[in-house]
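> Protein chains in written order, with the working numbering: chain A, 677 to 1247; chain B, 677 to 1247. Backbone N, C-alpha and C fix where the C-beta goes; we use that ideal spot for every residue, glycine too.
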């Protein structure tokens, strides 16, 4: 491809709307253009990257026995009503009516559709297992689309669905996909971790997320330096911390005028946060109150809390709700004396229950209890692990202190079990003659998000640094002066030879100053830049610069091809 | 691929809903499943066919300098309002609102989107020409989706848009695409014709349709056996037929009681239809009347008429409108004496104006005029070519009698000129320093429709007969008995060898009777069937049957591979 013809309009300025680096660089380097909030066109360079990621994904899916198909983007409401998700999805689902006033949505995912297809055509255990996948646009009407392709409203996903006879089969399919995902992100040239994950609103349990490691990642993860353990902080399980051995003292009140935060109370009373109980008040969808208790130095894990309480959504309670339901106010809430209240559920982290002589709010302004002893002074409705893991917490598996990092969720594998096959009656006749629901899994790769994540992980102040396997092109050949016939002839020869030998190269034949071409080359992020100037023509030295390291090498006319091939293989 | 694992659920019965053969066969052979009216899932076999068509299309687009990108399916209303097509598209456009109540549509086409992108990033003639394309789902909310993939509401299109400095550039781009399309349908192994076409509602003039020839085709085409001329009947131009040389006689009335049709009038008066003038009454969107005159043996071409009158829609006029506006009734309408009426436009076919002493309705029940001489007895507002070409009409280019055929429109190339660049202000600075609108073309291939058209053209009573280049697989290897170890071992060896040598083969390893496997093989339409039974094991004779011809050949173990490769190359 000649750059003079390539539609890759680069921008000098960073568009103001772009908050994250991948968004900024994809706009500046001419990879994407915005059509509406969270909705983008992929220009030719981006499309090449996406096709490469897709090819890697496709090869790995096929290698595991996946069969590619393509389901409609526009889906009739009926199948979503059968599973109940027509209402669950709320405003996040794009909905429309056809000219006959029938309801449709734009598929945010395809469990309903694939299960409907399979139930219609699979009758016998002999037709199982099945792994069916597609690579396709998905739609989610995010309340605030942002970060470019990181959280779009239209995005490209690979979604595979597995159908097995039993849980042993599901385990096998799940492991195949786990393995395939490990290969996919490795082949894309990305640094990533597979972490244990919460299975969220999609249902089922048993899930891993594949996190591309990047400081800008929205997800916090923990991992153990000693063993293999890694998890999304939302998911990471925690054992209760060993109790102190103090004798229980008598409960009493203490004035704490204006002391609303844990830090203030500790300073005022001269104690450590480890001796306090923090009480957070949440409101459920139905308006009742959930009081979550964690130790003062801990944080509530809202995902765990949601799962334990078993409701769909939790929001921080309003001052009004706190006043009405428990007659208290924020900063002075505590669990003592609230056990029998209607519409109030107390959920205590397991560590809280091991504490002695702790401090907590007394549900009156400017007053705290001291010498609170859980179980003696209050009995929570639920005792569970509801706190967030923190750096230096013990690894749930081996006990060594954990480390934290940030990541971008680029893939997720889920065990769905029989959630959808039961609600949609996708059954088969097993070899024992019995009708059973199929056991399902689902497995997603965010294809467009992976492209963005690759940039979040690989860039510098000059632009993108593409990993070779997903670079739009491997190399750019830059003749320093297109008016110099010898330079142009040599550059053209190199360009042709590279492409004839498996190196995807462009030639920057634009009538522009070399500085402009070099800047664009760095911005776009070709792994290698081959400069053809006077040195190449007069001294037979072809300059090859490695984008990632900045390293510059010179090759003779007979060596440059092998040199470039070697560099690409190593990068 | 092993058929025991392949998700290709075949059906014994033809589903009642399927009207056309491609729809019936794709359902029966396990290629597609319906999600809603006009909305289908493509199962793995169909997806393989579509990918092959896409690959051919992509290679030919790239060969002409096309650059692939991908634009959103969900498009904001604003750009459609700029061109006025937000209202023009009517109910055929799927529309939706996002959670913030903003209007979007599902793209039926992408002129607005691509022009908006290009106007934002192209400033100079140096950046032109550009040819940008995508392969993507398109959406049209057809009033009555039918014929399976032939007229779906969600379908796959390749759409390319060209941007040039001037009309000479557009001609060049258009010719490149015409050439590419010829190569595409040739490479797909289809019999087709490129025909001159009306450019329809999309605007502009200068267009060809690529018609896959099939008796079931919705489009009628004419072509000349002597010269290269071919056209959609809607488009085919006609010269007025040479006038007779009769002397004009005096206009008079004749009673024709109950004689409403041309046939009845001719029989009653003892004349030929060539001596009659047929008057058809249409109503425009604004309620006025258009009277179209053609010779009694000719048919009105409503597309031509629409273009001449310059309105958006024409419907047959109601009895009421005819009575109110011209005081006449169907069967007795004629042009005499209506010239000065408001809200009535008379459009005469050019041939009509060459007639002498003709018969036409007298706008009174049971009465006709005889000896009508156009121009003397009535003066039409418009004289033009408004009739449909018919078999044996003279070729508009060479005069030889034309032939007719039916076709499926699988591709279309259009000159848009500056229609969209003007309304969307997509301008550039030319080398003379002047700002000019870009000159555009658009070029579509119906990818999913091409698959259906291939079946409409290639099938027999047993199923599909795939052209080799787009067959889902080239060959099926059928071991007659999977319990016979020698047969299975040989079949497996052949299956492996074929795939290792570029022949895409499946092995039907299902525990089914051979008759079931043969029936499925014919239904699915693999070009070759390799049977491994006793003859292969005992006599070293491997049977290869050609799906299209029914021809059966036998090859030895060392010859079968070359034999199959030769067959595939010839098919």
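(1) So, are the CB atoms of residue 998 (chain A) and residue 1057 (chain A) less than 7 Å apart?
(2) What's the call for residue 813 (chain A), buried or exposed, on a 16-neighbour Cβ count within 10 Å?
(3) Using a cut-off of 9 Å between C-beta atoms, extract the partners of residue 1149 (chain A) located in chain B.
(4) Would you decide whether residue 819 (chain A) is buried or exposed? Buried here means 16 or more other CB atoms lie within 10 Å of its CB.
(5) Looking only at its chain, what residues have a beta carbon closer than 7 Å to the beta carbon of residue 1246 (chain A), apart from the 5 residues adjacent to it on each side?
(6) Could you check if residue 960 (chain B) is buried or exposed, using at least 16 other CB atoms within 10 Å of its CB as the buried criterion?
(7) Using the C-alpha atoms, what's the distance from residue 1219 (chain B) back to residue 1227 (chain B)?
(8) Please confirm if residue 1085 (chain B) has its CB atom under 7 Å from at least one CB of chain C.
(9) Alpha helix (DSSP H) containing residue 851 (chain B): first to last residue?
(10) For the segment 723-749 of chain A, which residues have a beta carbon sitting closer than 9 Å to at least one beta carbon of chain B?
(11) Quick one, which residues of the segment 1111-1138 of chain B are near chain A if we go by CB-CB under 7 Å, in chain order?
(12) Here's the rule: buried if 16 or more other CB atoms are within 10 angstroms of the residue's CB, otherwise exposed. What is residue 1147 (chain B)?
(13) Count the other CB atoms within 10 Å of the CB of residue 942 (chain A); is the residue buried (16 or more) or exposed (fewer)?
(14) Taking residue 726 (chain A) and residue 832 (chain A) to be in contact with their CB atoms under 8 Å, please state how far apart those CB atoms are, rounded to whole angstroms.
(15) Applying a beta-carbon distance threshold of less than 7 Å, which residues of chain A neighbour residue 703 (chain B)?
(16) Interface residues of chain A around residue 1176 (chain B) at Cβ under 7 Å?
(17) Are the beta-carbon atoms belonging to residue 984 (chain A) and residue 1060 (chain A) less than 7 Å from one another?
(18) Using a C-beta to C-beta distance shorter than 9 Å, which residues of chain B count as neighbours of residue 712 (chain A)?
(19) Give me whichever residues DSSP pairs with residue 718 (chain B) in a beta bridge.
(20) Once you ignore the five residues that flank residue 758 (chain B) on each side, which residues in its own chain have a CB closer than 8 Å to its CB?
(21) Going by beta-carbon coordinates alone, are residue 865 (chain B) and residue 1145 (chain B) separated by less than 7 Å?
(22) Am I right that residue 1151 (chain B) and residue 1179 (chain B) are in contact with their C-beta atoms under 8 Å? What's the rounded C-beta distance?
(23) Below 8 Å on the Cβ atoms is my contact criterion, and I expect residue 868 (chain B) with residue 888 (chain B) to pass it. Report the Cβ-Cβ distance as a whole number of Å.
(24) Do the segment 820-840 of chain A and the segment 687-696 of chain A make contact, defined as three or more Cβ pairs closer than 8 Å?
(25) Could you compute how far the alpha carbon of residue 1167 (chain B) sits from the alpha carbon of residue 1153 (chain B)?
(26) In angstroms with no decimal places, state the Cα-to-Cα distance between residue 858 (chain B) and residue 1216 (chain B).
(27) According to DSSP, is residue 786 (chain B) helix, strand or coil?
(28) Taking the alpha-carbon positions, what's the residue 714 (chain A) to residue 699 (chain A) distance?
(29) Under 7 Å between the Cβ atoms of residue 953 (chain B) and residue 1028 (chain B)?
(30) Quick one: list the residues of chain B neighbouring residue 719 (chain A), beta-carbon separation under 7 Å, in chain order.
(31) From residue 1064 (chain B) to residue 914 (chain B), what distance separates their C-alpha atoms?
(32) Let me know if residue 1134 (chain B) comes out buried or exposed under the rule of 16 or more other beta-carbons within 10 Å of its beta-carbon.
(33) Counting only the same chain and skipping the five closest in sequence on each side, list residues whose C-beta sits under 7 Å from that of residue 880 (chain A).
(34) In the segment 814-837 of chain B, which residues sit with their C-beta less than 8 Å from some C-beta in chain A, listed in chain order?
(35) For residue 1015 (chain A), count neighbouring C-beta atoms within 10 Å of its own C-beta (all shown protein chains included) and say buried if the count is 16 or more, exposed if not.
(36) Is the shortest distance between the beta-carbon of residue 709 (chain B) and the beta-carbons of chain A less than 7 Å?
Let me lay it out:
(1) no
(2) With 16 or more Cβ atoms within 10 Å of its Cβ, residue 813 (chain A) is classed as buried.
(3) The contacting residues do not exist; residue 1149 (chain A) stays about 13 Å from chain B at best.
(4) exposed
(5) none
(6) buried
(7) 10 Å
(8) Going by chain labels, chain C is absent from the structure shown, which instead holds the protein chains A and B.
(9) 843-863
(10) 723, 724, 726, 727, 741, 743, 744, 745, 746, 747, 748, 749
(11) none
(12) buried
(13) buried
(14) 6 Å
(15) In chain order: nothing, as chain A lies at least about 11 Å away.
(16) Ordered by position in chain A, no residue passes the 7 Å Cβ test against residue 1176 (chain B), which lies about 16 Å from the chain.
(17) yes
(18) 748, 750, 751, 752, 754, 774, 778, 780
(19) A:746, B:708
(20) 788, 1099, 1100.
(21) yes
(22) 6 Å
(23) 5 Å
(24) yes
(25) 7 Å
(26) Per the coordinates, the alpha-carbon of residue 858 (chain B) lies some 44 Å from the alpha-carbon of residue 1216 (chain B).
(27) coil
(28) 11 Å
(29) yes
(30) 745
(31) A direct Cα-Cα distance of roughly 8 Å separates residue 1064 (chain B) from residue 914 (chain B).
(32) buried
(33) Its pLDDT being 44, under 50, residue 880 (chain A) is placed unreliably by the model, and the measurement read from it follows with that caveat. Result list for residue 880 (chain A): 1090, 1091, 1092, 1093, 1095, in chain order.
(34) 815, 817, 819, 829, 830
(35) exposed
(36) Chain A places a beta carbon closer than 7 Å to that of residue 709 (chain B), counting this residue as a contact.
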